[in-house]
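J.: Residue numbers (this note's numbering): 1 to 279. Heads up, the beta-carbon is just placed ideally off N, CA and C, and yes, glycines get one too. Since this is a predicted model, take the numbers as computed values, not measurements.
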């Protein structure tokens, strides 16, 4: 399914960025953990359609993740109902999103049905034997990665394809995950450039023009709004990913996009460009 985000970009290239190897965390207000999505119906339809495609793995879990999934289900439901601006209410065993006129059954307490309530993809990372393991995930809009390769793996293994990750970020990421307190939400952004505006990217290689041509109307600026919050009982970390896609056609008039993007791409090491499918 394709997406053209109607909102103004929530994140643009940073002129000072020279590498993808950075944490970039910032505090997030608890009531902004889940983004108010004008395109919730599109994401809901996208998730349901993808789940019925046998060739695409968009949900996975491993044994022992049931408690964390149930806790997340209840945690998310409480959050949606406690923040009236998001527009959710319950009627009996049904959750209703009033603006989009969407209805879900809330009796099945696991990650997949809960993930349909929001636009975000959700991964649960649980502490096991000193590491954090991806134990359950609903991922319908991956940015060139495969859920079936990541489920059950440690955070270090998940990030193994990122050039320089082990040396530059491994210890810092693991320290962050172990130190994250329940009741706190942290936010970061990730970016990529893709050809076309498909939400589900599961093939390596855009291919993009090289160098990137800002006049190419088929290129899109892809942003991931990522949040991290810890569930108090299981200790699992709920990692959410909300995708935004903005066509270069709508951005090229902005000096803060075109100039910053060109500067960023000129500074990225070659290995990182290849990882981002930009070389």
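Let me know the secondary structure DSSP gives residue 2 once reduced to three states.
T.: Residue numbering aside, residue 2 sits at position 2 when the chain shown is read from its first letter. Three-state DSSP puts residue 2 in a strand.
J.: Under 8 angstroms between the Cβ atoms of residue 85 and residue 93?
T.: Counting from one through the chain shown, the residue named residue 85 turns up at place 85. Counting from one through the chain shown, the residue named residue 93 turns up at place 93. Contact: no.
J.: Less than 8 angstroms between the beta carbons of residue 241 and residue 230, yes or no?
T.: If you number the chain shown from 1, residue 241 lands on position 241. If you number the chain shown from 1, residue 230 lands on position 230. No, Cβ-Cβ distance for residue 241 and residue 230 is not below 8 angstroms.
J.: Decide if the region 210 to 222 is in contact with the region 148 to 166; the criterion is three or more beta carbon pairs, one per stretch, under 8 angstroms apart.
T.: no
J.: Do you know whose CA, among 182, 83, 193, 65, lies nearest residue 126's CA?
T.: As a working note, residue 126 is residue 126 in the chain shown. Cα-wise, what sits closest to residue 126 is 65.
J.: Going by other Cβ atoms of all chains shown within 10 Å of its Cβ, with 16 needed for buried, is residue 185 buried or exposed?
T.: Translated into positions along the chain shown, residue 185 becomes position 185. Burial call: buried.
J.: Using CA coordinates, which residue listed in 190, 176, 223 is at the minimum distance from residue 19?
T.: Working through the chain shown from its first residue, we reach residue 19 at position 19. Comparing Cα positions, the closest option is 190.
J.: Below 8 angstroms between beta carbons: does that hold for residue 320 and residue 87?
T.: Examination of residue 320 is not possible in this model, given that the chain is present from 1 through 279 alone.
J.: Taking the alpha carbon of residue 36 as the reference point, which residue from 134, 235, 120 has its own alpha carbon closest?
T.: One-based indexing of the chain shown puts residue 36 at position 36. Nearest option by C-alpha distance: 120.
J.: Output needed for residue 144: all residues of its chain with C-beta closer than 8 angstroms, excluding positions within five of it in sequence on either side, in chain order.
T.: For the purposes of this step, residue 144 is identified with residue 144 of the chain shown, where counting begins at 1. Excluding positions up to five away in sequence, the list reads 192, 201, 202, 203, 204, 277.
J.: Are the beta-carbon atoms belonging to residue 90 and residue 102 less than 8 angstroms from one another?
T.: Taking the chain shown and counting its residues from 1, one reaches residue 90 at position 90. Taking the chain shown and counting its residues from 1, one reaches residue 102 at position 102. 8 angstroms or more divides the Cβ of residue 90 from the Cβ of residue 102.
J.: Going by the CB atoms, is the gap between residue 171 and residue 124 shorter than 8 angstroms?
T.: On the chain shown, position 124 is the one that residue 124 refers to. On the chain shown, position 171 is the one that residue 171 refers to. Cβ distance not < 8 angstroms, so residue 124 and residue 171 don't count as in contact.
J.: Give the DSSP-derived three-state secondary structure of residue 112 in the structure shown.
T.: Here residue 112 refers to the residue found at position 112 when the chain shown is read from its first residue. Looking at residue 112 - three-state DSSP - the assignment turns out to be helix.
J.: Looking at C-alpha atoms only, which residue of 136, 53, 10, 14 is the closest neighbour of residue 239?
T.: For this step, residue 239 is matched to residue 239 along the chain shown. The option with the nearest alpha carbon to residue 239 is 136.
J.: Indicate whether residue 138 and residue 122 have their beta-carbon atoms separated by less than 8 angstroms.
T.: In the chain shown, the residue the question calls residue 138 occupies position 138. In the chain shown, the residue the question calls residue 122 occupies position 122. Cβ atoms of residue 138 and residue 122: closer than 8 angstroms.
J.: Please return the same chain residues whose Cβ sits closer than 8 angstroms to the Cβ of residue 109, not counting the five positions on each side in sequence.
T.: Numbered from 1 along the chain shown, position 109 holds the residue referred to as residue 109. 69, 70, 73, 74, listed in sequence order.
J.: Go ahead and pull the three-state DSSP assignment for residue 59.
T.: On the chain shown, residue 59 is found 59 positions in, with the first residue counted as 1. In this structure, residue 59 counts as strand in the three-state DSSP scheme.
J.: Grab me the residues of residue 47's own chain with a C-beta within less than 8 angstroms of its C-beta, minus the 5 sequence neighbours each way, in chain order.
T.: Numbered from its first residue, the chain shown carries residue 47 at position 47. Excluding residues within five positions, the ones whose Cβ falls inside 8 angstroms are 58, 115, 116, 138, 140.
J.: Could I get the ranges of all uninterrupted beta strand (DSSP E) runs contained in the region 42 to 90, with 3 residues as the minimum, in chain order?
T.: 59 to 61
J.: Using a 10 Å radius around the Cβ and a threshold of 16 neighbouring Cβ atoms, would you call residue 217 buried or exposed?
T.: What you label residue 217 is simply residue 217 of the chain shown in a count that begins at 1. Exposed.
J.: Quick one: Cα of residue 39 to Cα of residue 27, how far?
T.: Taking the chain shown and counting its residues from 1, the one referred to as residue 39 is at position 39. Taking the chain shown and counting its residues from 1, the one referred to as residue 27 is at position 27. Looking at the two C-alpha atoms, the distance is approximately 25 angstroms.
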